[in-house]
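Protein chains: 2
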Amino acid sequence: MLRTHTCGELRLSDANKHVTLAGWVQRTRDKGSVLWIDLRDRYGITQLIFEEGKSPAELVAKGRTLGREFVVQVEGVVTERLSKNDKIATGDIELKVTAITVLNAAKLPPFTIEDDTDGGDELRMKYRYLDLRRNPVRESLQLRHKMAQQTRTYLDAQNFIEVETPVLIKSTPEGARDFVVPSRVHHGEFYALPQSPQTFKQLLMVSGFDRYYQIVKCFRDEDLRADRQPEFTQIDCEMAFITQEDILNMFEGLVRHLFKNVKGIELPSVPRMKYDEAMQRYGSDKPDTRFGMEFVEITELTKGKNFPVFESAELVVGINATGCSEYTRKQIDELTEFVKRPQVGAKGLVYVQYRTDGTIKSSVDKFYTPEELGAWTAKFNAKPGDLLLIMAGETFTTRKQLNELRLLMGDKLGLRDKQKFSALWVMDFPLLEWNEEAKRYHAMHHPFTSPKPEDIKLLDTAPGDVRANAYDMVINGTEVGGGSIRIHDRATQQMMFSHLGFSEEEAKKQFGFLMEAFEFGAPPHGGIAFGFDRLCSIFGGADSIRDFIAFPKNNAGRDVMIDTPSTISDEQLKELALITKK
Amino acid sequence: MLRTHTCGELRLSDANKHVTLAGWVQRTRDKGSVLWIDLRDRYGITQLIFEEGKSPAELVAKGRTLGREFVVQVEGVVTERLSKNDKIATGDIELKVTAITVLNAAKLPPFTIEDDTDGGDELRMKYRYLDLRRNPVRESLQLRHKMAQQTRTYLDAQNFIEVETPVLIKSTPEGARDFVVPSRVHHGEFYALPQSPQTFKQLLMVSGFDRYYQIVKCFRDEDLRADRQPEFTQIDCEMAFITQEDILNMFEGLVRHLFKNVKGIELPSVPRMKYDEAMQRYGSDKPDTRFGMEFVEITELTKGKNFPVFESAELVVGINATGCSEYTRKQIDELTEFVKRPQVGAKGLVYVQYRTDGTIKSSVDKFYTPEELGAWTAKFNAKPGDLLLIMAGETFTTRKQLNELRLLMGDKLGLRDKQKFSALWVMDFPLLEWNEEAKRYHAMHHPFTSPKPEDIKLLDTAPGDVRANAYDMVINGTEVGGGSIRIHDRATQQMMFSHLGFSEEEAKKQFGFLMEAFEFGAPPHGGIAFGFDRLCSIFGGADSIRDFIAFPKNNAGRDVMIDTPSTISDEQLKELALITKK
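Chains A and B, in that order, give the protein sequences. Just so you know, our numbering puts 240 at position 240 of the first sequence, and the rest follows in order with no gaps. Just so you know, our numbering puts 609 at position 27 of the second sequence, and the rest follows in order with no gaps.
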């Protein structure tokens, strides 16, 4: 080793030891008679000291030549500091340097290697290896490591076997777009990269593996929205001989284990909510339950008073923004503008101010008497000081819009603390989802999800009403995982494929192996997959997943550090029998 | 759960318990008055019993309808067996069945689900999910899981951080062929799948991650030799601020930890051997050290006696096949045929039989006196009963050929026991390797390997003599891992690229980001990668890696179960702006 200790290791109890350290020059302070250098490695920072008169002159001179981010090896004697620094673990000591070796010089980095850097996004991505030196980024990846460790600890203890499934698989038209890999040996044929190991983990259940998991890279060639990556990581799990209840308990256990062992937080047991209820109470299938502000429906109370908007509305529904009654006209106008943005798409917003003096003022005073408005405030359990924000229209759309407003108000009222965590199971999702563009139903999760047995009879008459044995784990308003009980018999699977518009031939070509497997003794089974990047970012209290991925791609799917995708040689194209159209 | 216990769990102490099991019908024995069924799951086998007269008639009848591999749930009472089976953990008990539910019927499997199956390779690959039900295959994958677990346990304890590196990277012409992935967004551009995370792990060292590891999928689009897979898994590691000595100690520690914790074997400390010495003593850079039979050079003893073959030979070298002096003429002819096969390519074989009666007989009696041959046997330390097998010719070639013969004799003499393990470090490899086809030197490991500082001066005059700071871990004659101390400064790296025939422009296009990174403070670093599939197969005592991979591809790179690679839709090709030539 080029060192006897790390830069985070030395304490007062090491005083007078002769040690060797190695690391990067973080910072130099030159007071003329004394030169201090902060030496940094992954483990911490140790202060080096050179003293004019006491240290050999050449040594001090050499210390002065060291620039930021130089890599050096230093020998010296551990000494108690005069002015201690209680912000760092090594703050009681410094190293009186006796020898120094420059292991590698460094050009001035294009941005400062500090917690708050002056580097913009693009520059930091291009020099990602320098960005990774910054504490917050390194700590995010250390958190990720710990999350993976603890995930494995939990699942190993529960008798899960980690099995690697293949990366070079087969393209399937269902779901998102596949990345494909041309075969050099079989011209005109392609492998595809997996969007998930779904069919393989089901086959492992058919094989009797009983409990499978994998922390695995998956791939999706989609137009990237902000904070989406073409390659992403899942905690992928499957169990056999279980009911939905067993899966919910097992993976609630995982999430609680992670909170306890990674964050030191005892998460209470995870409540469960049906999809229909989540939509009704929060207008979202992934409600942020860190705060209340639940939807209150007042449709009946608003009818017959000639207010055209409410009169024609299928649903009139609102939230109570407690303590906001004294919002100014400007503030309320901003909320109205927010819901009218195309991303939200509402036509307008009705407000009722239950003033601190007990009076009620609203934007619909013309249509409703103070008594009628009083009935509203009563239904909302509002108190003087509260502000009701009300929207109206078609049920599903209005709920979605009010959900956006609720989240905005949660932000404004400081109710979405990133260091507070609230988890929720959302269950009983619809099996099918109408696709307006394709004019047919798609599987909401995927075509292997089992319908609730009692709903199968609705498949022909009311497909949209069929519920699935499917569940999502939601934390702080983000879906971090989802899964289902699978179909495990050929007849049901074949029926599902036909309902999803697969011809028999297509189904056989794409999933023939799975349907055949179901005929050789497939056990009842189900599973779940967690989005590992997102889960890490939530544990890290961050909005973006990017700093929880060592080498992420930008929003155009490009790695600007290594500059890929890029052209390949004509020889490579020829071997693959491919022609590219420009 | 659809069960209260697994099929491997019940013991005599559970007698009289009412339990529920679920699993597959392994086997049925029907004695008329009694029906036994072996029920199997991942955890073991439990015997079910139905008794005519005692059990309800419908139940017995139902039991009789169950075919092989049916999936059933059974309830029953745990009972002591009359005739116990000490071969299985549950052999003291059986389950008196009180109720049975068929969870899924099964067609007759295309081969028997037994330890020794009647299924051929191709059939087993097509129905891999059935093959995976067989004990030996499932146990191989359980071993792999344990290997991964223990690898992580060791490296985590040594402060390594597991970091995921990207799968969609950039194609580089050096090394084997890349698989490429066409970009839909950037037409005419491609990602490539990594042959290893080499450059990324080096960048992580530049970032100060200090100790990195990853158990990671890698990809190589090569013409598949037997037992090679297009996708394979590495234990990939890198350390900063270390010397070669530190790496050897750290990863010898890993291998010994694995032997201890996976196999219960205390491996002695791993000996080290220089490449030159390995070639001289064994004719191989990956000698099988489970047995001796080392090379003995007798060039000097053979000269001046007018035997043309030895007279013209650069090297005369042999092995002592102890106890083989009484080999028949036919046996010796077979050995001669073996070395003359094109795969070995020798011109012939000289033998000296040191007969049990003390006489010496050889194929070169015409040229050498018994006294002269006696000097040979003395040099070989041969005893009556031994057989010397001697080859001659150009040094490197002759050693390679004799190595093949040595391994064959090791097999014949039972010296290559798959349950015995012998590990070895081979060190000081040549840096460069002459490529006859390209008429230039290639990097023997990869272009980032550092030359030994004292040899750098030879780079211009005798490139083939330059040694590298490179090392391989060899177990039982198989290279299971290899690594090197890396170049960590731009000047040396640039010089290496130029010696390897990269133009400055090419080097910049392919590895500009790495060379630039070396200018921003790169620490001294080095690492190693283990072939995980191969390591598992050696621990499992198997010749092939195939059963240590859940879903392997065949020798044509095809997954015959899911039938990939396969064609993709015209729409997909259009989106990728690709035309395939047929």
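Ideal Cβ positions, reconstructed from N, Cα and C, are used throughout, including at glycine. Quick caveat, the model's predicted, so the values are computed rather than measured.
Closest by CA to PHE1093/B, which one among TYR736/B, LYS752/B, VAL601/B?
Stepping through the second sequence from its first residue, residue 1093/B is reached at position 511. The option with the nearest alpha carbon to PHE1093/B is LYS752/B.
Verify the CB distance criterion: does MET1/A have a CB-CB separation below 8 Å to chain B?
Within the first sequence, numbered from 1, the residue matching residue 1/A stands at position 1. Residue contact with chain B for MET1/A: present (Cβ-Cβ distance below 8 Å to some residue of chain B).
Do ILE675/B and GLU657/B have their beta-carbon atoms positioned less than 8 Å apart in this structure?
Indexing the second sequence from 1 puts residue 657/B at position 75. Indexing the second sequence from 1 puts residue 675/B at position 93. When the beta-carbon positions are compared, GLU657/B and ILE675/B stay at least 8 Å from each other.
LYS678/B - DSSP class collapsed to helix/strand/coil:
Sequence index remark: in the second sequence, residue 678/B carries index 96 (1-based). Note: LYS678/B maps to strand in three-state DSSP.
Interface positions of the segment 1023-1044 of chain B facing chain A (Cβ-Cβ less than 7 Å), listed along the chain:
Cβ contacts with chain A come from no residue of the segment 1023-1044 of chain B.
Is it buried or exposed, LEU1013/B, if we count other Cβ atoms within 10 angstroms and call 16 or more buried?
In the second sequence, counting from the first residue as 1, residue 1013/B sits at position 431. In the assembly as shown, LEU1013/B is a buried residue. Its beta-carbon has 16 or more other beta-carbons within 10 Å.
Under 7 Å from the C-beta of MET1143/B: neighbouring residues of chain A:
Stepping through the second sequence from its first residue, residue 1143/B is reached at position 561. Here the neighbours are PHE513.
Just the C-alpha distance for GLY483/A and GLY414/A, rounded to the nearest angstrom, thanks.
Along the first sequence, read from residue 1 onward, the residue named residue 483/A stands at position 483. Along the first sequence, read from residue 1 onward, the residue named residue 414/A stands at position 414. Those two C-alpha atoms are separated by around 32 Å.
Restricting to runs no shorter than 4 residues, where is the alpha helix (DSSP H) found entirely within the segment 841-897 of chain B?
List check, alpha helix (DSSP H) in window: 857-864, 881-884, 890-893.
Per-residue contacts from THR90/A into chain B (C-beta, under 7 Å)
By 1-based counting over the first sequence, the position of residue 90/A is 90. Result: empty, since nearest Cβ-Cβ is about 16 Å, beyond 7 Å.
Mind listing which residues of the segment 418-439 of chain A have their C-beta closer than 8 Å to chain B's C-betas, in chain order?
Correct list: empty, as no residue qualifies.
Find the nearest neighbour of PHE539/A within the set HIS442/A, GLN47/A, ALA148/A, judged by alpha-carbon distance.
Locating residue 539/A in the first sequence gives position 539, counting from the first residue. The residue with the shortest Cα to Cα distance from PHE539/A is ALA148/A.
Determine the direct distance from the alpha carbon of GLU634/B to that of HIS446/A, and round the result to whole angstroms.
Residue numbering aside, residue 446/A sits at position 446 when the first sequence is read from its first letter. Residue numbering aside, residue 634/B sits at position 52 when the second sequence is read from its first letter. Between HIS446/A and GLU634/B, the alpha-carbon positions lie close to 47 Å from each other.
Under a three-way DSSP split, which group does HIS1107/B fall into?
Working through the second sequence from its first residue, we reach residue 1107/B at position 525. The answer is strand: DSSP assigns HIS1107/B an E or B state.
Comparing C-alpha positions only, which one of PHE421/A, VAL317/A, LYS412/A sits nearest to PHE338/A?
For the purposes of this step, residue 338/A is taken as the residue at position 338 of the first sequence. The shortest Cα separation from PHE338/A among PHE421/A, VAL317/A, LYS412/A belongs to LYS412/A.
Closer than 8 Å at the beta carbon, the chain A residues around LYS782/B:
As a first step, residue 782/B must be located in the second sequence, where it is residue number 200. Note on identity: in this sequence residue 782/B is Phe, with Lys being the wrong assignment. Among the residues of chain A, those whose CB is under 8 Å from the CB of PHE782/B are ALA550, PHE551, following chain order.
DSSP state of MET239/A, grouped into three classes?
To locate residue 239/A, count along the first sequence from 1; it is residue 239. MET239/A: strand per DSSP, three-state reduction.
On the DSSP letters alone, give me the boundaries of the beta strand (DSSP E) that ILE49/A sits inside.
For the purposes of this step, residue 49/A is identified with residue 49 of the first sequence, where counting begins at 1. In the DSSP assignment, ILE49/A falls within the unbroken beta strand (DSSP E) covering 44-51.
I'd like to confirm the pairing. Which residues does DSSP put opposite SER1066/B in its beta bridges?
Taking the first residue of the second sequence as position 1, residue 1066/B is located at position 484. Looking at the DSSP assignment, SER1066/B forms a beta bridge with ALA1052/B, GLY1109/B.
Along the chain, where does the alpha helix (DSSP H) containing ALA643/B start, and where does it finish?
Taking the second sequence and counting its residues from 1, the one referred to as residue 643/B is at position 61. First-last of the alpha helix (DSSP H) with ALA643/B: 639-646.
Taking CB distances under 8 Å as the criterion, tell me whether TYR129/A reaches chain B.
For the purposes of this step, residue 129/A is identified with residue 129 of the first sequence, where counting begins at 1. Under the Cβ criterion of 8 Å, TYR129/A is counted among the residues facing chain B.
May I ask which residues mark the beginning and end of the alpha helix (DSSP H) holding GLN784/B?
Counting from 1 along the second sequence, the entry for residue 784/B is found at position 202. Per DSSP, GLN784/B belongs to the alpha helix (DSSP H) from 780-788.
Against chain B, does ARG184/A count as a neighbour if the rule is that its beta carbon must be under 8 Å from one of theirs?
Position 184 of the first sequence holds residue 184/A. Using a Cβ-Cβ cut-off of 8 Å, ARG184/A counts as an interface residue toward chain B, since at least one Cβ of chain B sits closer than that to its own.
Taking the alpha helix (DSSP H) that PRO905/B belongs to, which residues open and close that run?
On the second sequence, residue 905/B is found 323 positions in, with the first residue counted as 1. In the sequence under discussion, the amino acid at residue 905/B is Gly, which differs from the Pro named in the question. Annotation: GLY905/B is outside any alpha helix (DSSP H) and is labelled neither H nor E by DSSP.
Once the 5 residues before and after VAL788/B are set aside, which same chain residues still bring their CB inside 6 Å of it?
For the purposes of this step, residue 788/B is taken as the residue at position 206 of the second sequence. Cβ neighbours of VAL788/B beyond the five flanking positions: ALA1099, ALA1104.
Closer than 8 Å to chain B by CB, THR567/A:
Residue numbering aside, residue 567/A sits at position 567 when the first sequence is read from its first letter. True, the Cβ-Cβ gap to chain B drops below 8 Å.
Under a CB-based cut-off of 8 Å, is LEU203/A close to chain B?
Looking up residue 203/A in the first sequence gives position 203. Put simply, the CB of LEU203/A is near chain B, with a gap under 8 Å to one of its CB atoms.
Of the listed residues LEU408/A, ASP547/A, HIS257/A, LYS366/A, nearest to ASN135/A (C-alpha basis):
Against the first sequence, residue 135/A aligns to sequence position 135. Residue ASP547/A holds the alpha-carbon nearest to the alpha-carbon of ASN135/A among LEU408/A, ASP547/A, HIS257/A, LYS366/A.
Local Cβ density within 10 Å of ASN306/A, reported as buried at 16 or more and exposed below that
The residue you call residue 306/A lines up with position 306 of the first sequence. Exposed, because fewer than 16 other Cβ atoms sit within 10 Å of the Cβ of ASN306/A.
Given a limit of 7 Å on CB to CB distance, which residues of the segment 102-131 of chain A reach chain C?
Chain labels in this structure do not include chain C; the protein chains are A and B.
Determine, using beta carbons only, whether ASP623/B comes closer than 8 Å to chain A.
As a working note, residue 623/B is residue 41 in the second sequence. So yes, ASP623/B belongs to the interface.
Cβ contact (3+ pairs, closer than 8 Å) linking the segment 831-842 of chain B and the segment 930-948 of chain B:
Contact between the segment 831-842 of chain B and the segment 930-948 of chain B is absent, because fewer than three Cβ pairs lie under 8 Å.
If you measure from the beta carbon of THR492/A to each beta carbon in chain B, is any gap under 8 Å?
Walking along the first sequence from the start, residue 492/A turns up at place 492. The beta carbon of THR492/A does not come within 8 Å of any beta carbon belonging to chain B, so the residue lies off that interface.
Considering ALA730/B, what are the terminal residues of the alpha helix (DSSP H) in which it resides?
Counted from its first residue, the second sequence places residue 730/B at position 148. Counting along the chain, the alpha helix (DSSP H) containing ALA730/B begins and ends at 717-739.
Residues of chain B with a CB under 7 Å from the CB of GLY531/A: which are they?
What you label residue 531/A is simply residue 531 of the first sequence in a count that begins at 1. Here the premise fails: no neighbours, minimum Cβ distance about 14 Å.
Which residue wins for smallest C-alpha separation from GLU311/A, given the options ILE319/A, GLY253/A, THR302/A?
Your numbering for residue 311/A matches position 311 in the first sequence. For the set ILE319/A, GLY253/A, THR302/A, the Cα lying nearest the Cα of GLU311/A is the one of THR302/A.
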